[in-house]
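2 protein chains.
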Amino acid sequence: MDAPAADNTRGTREAIEAWAEALGSEHVRADEAVRDRYARSTAPTGTRPLAILYPGSTEQVRQVVQIAGRFGIPLYPISKGRNWGYGDACAPTEGQVIVDLGRMNRIVEVNTRLAYAVIEPGVTQGQLSDYLREHRTGLWVDSTGAGRDASLVGNTLDRGFGHTRYGDHFLTTCGMEIVLADGRVLQTGFGHYANAKAAYAYRYGIGPFLDGLFAQSNFGIITRIGLWLMPEPEAFCSFYFSAPNDGDLPDVVDRLASLRQQGLLQSAIHIGNDLRVISARMRYPWQRAGGKTPLPRELRAQLRRECGVGAWNAGSAIYGTRETVAATKKAVRRALAPYHPRFITDRTLALGERVIRLLNRVGAGQRLREMFEIGKPVYELLKGIPSDEPLRGTAWRVRDPDPGKPVDPLDAHAGLMWVSPVVPATGEAAVEVMRIIEPIYEKHGFEALVTFTLITERAMCGVTNLAFDKREADEAARAAACYNELMDALMNAGYIPYRTGPAGFGKLARNSSVFWDVVRQLKQTLDPSGIISPGRYLPGETRPQRHEP
Amino acid sequence: MDAPAADNTRGTREAIEAWAEALGSEHVRADEAVRDRYARSTAPTGTRPLAILYPGSTEQVRQVVQIAGRFGIPLYPISKGRNWGYGDACAPTEGQVIVDLGRMNRIVEVNTRLAYAVIEPGVTQGQLSDYLREHRTGLWVDSTGAGRDASLVGNTLDRGFGHTRYGDHFLTTCGMEIVLADGRVLQTGFGHYANAKAAYAYRYGIGPFLDGLFAQSNFGIITRIGLWLMPEPEAFCSFYFSAPNDGDLPDVVDRLASLRQQGLLQSAIHIGNDLRVISARMRYPWQRAGGKTPLPRELRAQLRRECGVGAWNAGSAIYGTRETVAATKKAVRRALAPYHPRFITDRTLALGERVIRLLNRVGAGQRLREMFEIGKPVYELLKGIPSDEPLRGTAWRVRDPDPGKPVDPLDAHAGLMWVSPVVPATGEAAVEVMRIIEPIYEKHGFEALVTFTLITERAMCGVTNLAFDKREADEAARAAACYNELMDALMNAGYIPYRTGPAGFGKLARNSSVFWDVVRQLKQTLDPSGIISPGRYLPGETRPQRHEP
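Listed in order, the protein sequences are those of chains A and B.
Per the working numbering, the first sequence starts with residue 1303, numbered consecutively.
Per the working numbering, the second sequence starts with residue 1303, numbered consecutively.
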């Protein structure tokens, strides 16, 4: 990391004054407390911004970049800063100025006929989901496990994914508004034509399709996107199953991949290991483990039994008419017969809730209620309803007693680093990834929390993570070392991450010079002074040169 | 159009010598006959190339661009040159050097496990389709109506579409190899990492997703792509129906769009007007019309009756297990009840063939056989099997007697210009487009041949075309005038084409300056001397400056 910028230079002071004039002084913060707050990270180390700007409109974002260009000060735009485990709100390097787009939280349009929304970066999953239900639009928004306050735009631009038929977020974006480094406003797709009728219905526009340039990059500040929404199906059914043995993984992957490839299942399908599920329910059993890490083998087996989870646990949903859902259930039941998949609908869920209430009256049903409380948010994610519950897993290795409810990972002192290789959707590949990562996790005193998500018909994102207690310096250092070793080993074996945070950006160059040379040339063209997010997804990029005006 | 380049300048001669040395002299042609052949076009006027180069490998393409750069001579790469009605093999301007990639026709890899192929630009729809069947791969390639000899890469790079679940061709590409103007070879997706396991299974790679830059543009020469193939489903069923009245269009669109939005139908769904279907069977009835154009109303009504077609005719396919296909059929039957959809499977088709054979023996069944001959290629396209039959429609207005079999449009003297606006998938929008185009077609003496294809869950490509006889100068001139008026009227109303040919490139700029400015900047970055396809999808671009070496 660079040394903190000399934030008392004349240029910086003048820039901050110019921003204050443009945005109103209440929307420019450079005081220690606020800067410290934004410097917090789930990573072993965060970075401290020079200041934080809160523009309220595209026009104000234009002014922000123009001033930044004038003074040669780097900007780091965030939507809501909930990029948990991938850098959170932190810029890749010290001393950038955060542009917090949280005030730009307008749902600009919801078109129920064509099933899309146009939103600003500050719109959260919870906000849009609530809006769609309150206005009885009959539309669902695909959500991630990052909690109700996470930004939809932010996740999309990092190419995140959720749980429904619209699980690939970049794929369901249509039309972007982007403020370029020189203050020009670029509309992609057909959006740059006056009155274009299909601006939010057809992604490509005519001529080159530019949207891909603005995801996982630093070529502009996205101030608005079109987002396709999933029409509520006539019928809905979720299913889940557990496979008892570690060795069942390849079989589970192959069976689910085949259902996906045939187009019978259309959603992102999640396959989680025991610890992924257990960590959603409880924290690391410090006491029972006698303070030892990684989790002893016998204790792990015991937890599996206690929590009623398998070595591998998978679930997904079926959408359609009553008849097509029933027919697809048959195909799923047949394909997954050895694992006895269980099917859950709104009706079975309502019935379960009634049973639990009855049992509670007689003082029983504690375990069932627990399972229910964990299962329900997962079920709801399959209908696009976000929840804060999945955030609980981030605090797996935190030493404090579990508060029993989701807490902001930063408040919980959760240390979190994702290692997320893309894996071909075959059993062998999944096994190979496990063989690579498990010994490395163990060597550094961690246990691998793993999900394989079938994100397309041919590929999975292997989402694994280091969980540690931010306050334990030694553990954080081991996490950083483990992260490096994992990334190197996976990339050497050809398993490249689908996404990464600042700790990974430097690793992306490897020997692939032409690709990254071209990316650098594009950056140079669109942002010649390197004003926007220097270093983000651009290995080897340094901070912009400062030209004192 | 520019004047033809001075093809006897020293630079040109030297360049041709250099190319001959690099490729072998038999792979460089500058003789009049070959240049004339490549200058043929279905458009009112084509452009004549300076020479034609036939590189046989990526390495040779590198040498081709390096020599072009040295001498400042523009290159126009084509795959197979079957870009019918969108410029065919012709460069946007006179005097470019065609790089015919037809020799690069290797099927580099077919992965049956992950269902993809890696192919070069010269691979045709027919070639890959045959290969997949001969090798019993259980995989289908999505094909267009451009005939068996059309290139898959070429169509993909123009963002064409076909008929199956994999109908959006750009969406099913994964990983490109691109020769840049300076001879560097760029691998997109994960392809630039050695041994990347998911290079052809996951499109985005990490960092910006660059593939979109290379479709409908002129930023490089694509020498290889990964192409996802559709696994043959357990069960297959096609359906079609006719709506009797012109006024049924909005209702048909809304019903089909709803099935598509719910994910019940996943293919590109084609809705053709009467003339689209009739033109696949016969040529313009010059005699019965007494030589008059456009087609008289009563004659049109008569043809409808004779051919047994409706005002609007639609069809698509259902893929899945036996049970899901049956369940989806129910939903389709219910949604389209007023139009009595008919369902066709391999079994009903075989039965039909037997009935026809029987009827033929007793000298009957002529009409049924004709319908069958037209219907079968459509049915087969729904299974990814290409055919030359759809090419017959291109010769609708040719005055020669119908040879009764498909002929290369250039040999048939077919004049063809597509006008293909993107239309939101709503009935009103379809009606508005018809209201705009029909009077314009009629005014210029043409009748509108129209298809609306539901290409996504929210948008249709309205594919309409001018058909004329290339040998009739007056008709060709009227076609050009009609084209201009159609494009202007549609774009004014916000209906922007999904694709265009040289006649349309100049129309794309309109008032949308930032978008095209950015495209020009990107072009300048990736091809500073403007060597590759100057003018292609880049309004206002001119030919490169020549630097005599």
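All residues carry an ideal CB built from backbone N, CA and C; glycine is no exception.
Remember, it's a predicted structure, so these values are computed and weren't measured experimentally.
Within chain A, the residues G1514 have their CB atoms less than 7 Å from the CB of D1513 (chain B), given in chain order. Residue pairing for R1526 (chain A): DSSP places it in a beta bridge opposite A:E1479.
Rounded to whole angstroms, the gap between the alpha carbons of G1667 (chain B) and G1610 (chain B) is 15 Å. Chain order gives no chain A residues near W1442 (chain B), where near means a beta carbon separation below 9 Å; the closest approach is about 12 Å.
Within the stretch 1720-1748 of chain B, the residues whose Cβ lies closer than 8 Å to some Cβ of chain A are V1724, V1725, P1726, A1727, T1728, A1731, listed in chain order. Legend: CB atoms of the stretch 1483-1501 of chain B lying less than 9 Å from CB atoms of chain A belong to residues R1486, V1487, L1488, Q1489, T1490, F1492, G1493, H1494, Y1495, A1496, N1497, A1498, K1499, A1500, A1501. Bounds of the alpha helix (DSSP H) holding P1552 (chain A) are 1551-1563. No Cβ of chain A is located within less than 8 Å of the beta carbon of V1420 (chain B). The contact set of T1439 (chain A) on chain B, defined by CB atoms closer than 8 Å, is empty, because the minimum CB distance reaches about 13 Å.
Taking a C-beta cut-off of 8 Å against chain B, the contacting residues of the stretch 1796-1829 of chain A are G1796, Y1797, I1798, P1799, Y1800, R1801, T1802, L1810, R1812, N1813, S1814, V1816, F1817, W1818, D1819, V1820, V1821, Q1823, L1824, Q1826, T1827, L1828, listed in chain order. Between T1475 (chain B) and I1527 (chain B), the CB-CB gap stays under 8 Å.
Distance between A1633 (chain B) and N1497 (chain A), taken at the CA atoms: about 35 Å. Of all residues in the stretch 1679-1696 of chain A, none is placed with a Cβ closer than 7 Å to any Cβ belonging to chain B. Residues of chain A whose Cβ lies closer than 9 Å to the Cβ of Y1785 (chain B) do not exist, since the nearest Cβ in that chain is about 16 Å away.
Within chain A, not a single residue places a beta-carbon under 7 Å from that of L1788 (chain B); the smallest gap is close to 15 Å. When Cβ-Cβ separations below 8 Å define contact, R1760 (chain A) makes contact with chain B. Within chain B, the C-beta atoms nearer than 7 Å to that of Y1621 (chain A) come from G1565, in chain order.
Between P1708 (chain A) and the set A:L1693, A:V1700, A:W1720, the nearest pair of CA atoms involves A:L1693.
Measuring C-alpha to C-alpha distances from E1740 (chain B) to each of B:V1752, B:T1623, B:E1608, B:E1774 identifies B:V1752 as the nearest. Linking K1594 (chain A) to W1588 (chain A) through their CA atoms gives a straight-line distance of about 7 Å. The beta carbon of L1416 (chain B) sits closer than 8 Å to some beta carbon of chain A. Here the alpha carbon of G1348 (chain A) sits roughly 11 Å from the alpha carbon of R1337 (chain A). Apart from the 5 residues on each side of it in sequence, T1344 (chain A) sits with its Cβ closer than 8 Å to the Cβ of W1386, G1387, D1390, T1696, P1711, L1712, A1716, G1717, L1718, M1719, K1772 in its chain, given in chain order. Apart from the 5 residues on each side of it in sequence, Y1641 (chain A) sits with its Cβ closer than 6 Å to the Cβ of F1543, A1545 in its chain, given in chain order. Distance from S1689 (chain B) to P1679 (chain B) at the Cβ level is roughly 4 Å; contact confirmed, criterion being Cβ atoms closer than 8 Å.
For a Cβ distance threshold of 7 Å, nothing in chain A lies close to I1834 (chain B): the least Cβ distance comes to about 13 Å. Closer than 8 Å to the CB of I1524 (chain B) there is not a single CB belonging to chain A. Against chain B, a Cβ distance below 8 Å from Q1518 (chain A) picks out Y1506, I1508, G1509, P1510, F1511.
When Cβ-Cβ separations below 8 Å define contact, A1393 (chain B) makes no contact with chain A. Take D1550 (chain A), set aside five residues on each side of it, and the residues of its chain with a beta-carbon closer than 7 Å to its own are A1613, W1614, in chain order.
Taking 7 Å as the cut-off between beta carbons, none of the residues of the stretch 1371-1392 of chain A comes near chain B. Relative to the Cα of I1380 (chain B), the nearest Cα in the group B:V1399, B:A1731, B:I1738, B:L1515 belongs to B:V1399.
In terms of CA proximity to W1321 (chain A), A:R1372 leads the group A:R1372, A:A1335, A:E1334, A:R1342. Under the three-state reduction of DSSP, C1763 (chain B) is assigned to strand. Judged by pairs of C-beta atoms under 8 Å, the stretch 1430-1443 of chain B touches the stretch 1413-1421 of chain B, as three or more such pairs exist. Note that the C-beta distance between Y1506 (chain B) and F1492 (chain A) is not below 8 Å.
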